[in-house]
Amino acid sequence: MRHNKKINHLGRKAAHRESMLANMASSLILEKRIITTTAKAKALRLYVEPMITRSKDDSTNSRRIVFSQLQNKYAVTELFREVSQKVANRPGGYTRIIKLGLRAGDSADMCMMELVDYNEVYTNGKKAAKATKTTRRGGKKKVEAPAVEAPAAEEAPKAE
């Protein structure tokens with residue numbers, strides 16, 4: 012039985028898998044978007060999201076722990092300077108997986124993995140809004156502002 016075995020081994024030995032995930036995580040942090048297979052993207056999501064959560068606390072210990080996993084000082088600097096500022100208000104879900112279809116050579120299921128706050132298409136250039144919690148009972152409370160009519164524009168007399 013495979014109870015509580017969440018990790019996808021991806022057909023690799025442990026050392027190869029760890030170095031591959033570290034390289035992919037570094038590329039994702041530096042480039043903000045990578046194209047890979049869906050299985051690798053799902054494994055990478057489990058690997059990189061705890062690092063992004065840890066980057067919210069910029070301490071020496073956090074940097075050392077993340078560096079021990081990434082082994083790329085430029086990616087660690089980018090993570091703690093840029094990415095952590097963008098995701099400061101987000102409670103989780105820092106990555107997005109968008110399926111692209113099948114690869115021509117071997118029919119592997121391909122996808123694009125990106126950091127959520129760096130896609131201007133979905134955010135429309137707006138700052139990230141603070142997430143509000145919804146419940147099953149009432150949902151979000153909507154408060155409607157009273158309608159205020161604009162004063163009518165008076166026409167100036169025309170000089171003839």
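Taking the numbering used here, I'd label the letters of the sequence shown as residues 12 to 171.
Where is the CB? At the ideal position from N, CA and C, for every residue including glycine.
Starting from residue 106 and walking both ways along the beta strand (DSSP E), at which residues does that stretch end? 106-113
Is it buried or exposed for residue 35, if we count other Cβ within 10 angstroms and need 16 for buried? buried
Taking the alpha carbon of residue 21 as the point to measure from, which residue in 15, 14, 31, 146 has its own alpha carbon closest? 31
Can you name the start and end residues of the alpha helix (DSSP H) that residue 90 belongs to? Where residue 90 is concerned, there is no enclosing alpha helix (DSSP H), given that its DSSP letter is neither H nor E.
Kindly provide the ranges of any alpha helix (DSSP H) runs that are 4 or more residues long and lie completely inside the segment 52-82, ordered along the chain. 71-81
Whose C-alpha, out of 120, 17, 58, is nearest the C-alpha of residue 29? 58
Can you give me the C-alpha to C-alpha distance between residue 86 and residue 40, rounded to a whole angstrom? 6 Å
Label residue 3 either buried or exposed according to how many other C-beta atoms from any shown protein chain fall within 10 Å of its C-beta, with 16 as the threshold for buried. Outside the shown range of the chain, which is 12 to 171, sits residue 3, and nothing can be said about it.
Within-8 Å CB hit, residue 50 to chain C: Of the chains in the structure shown, none is chain C; there is only one protein chain.
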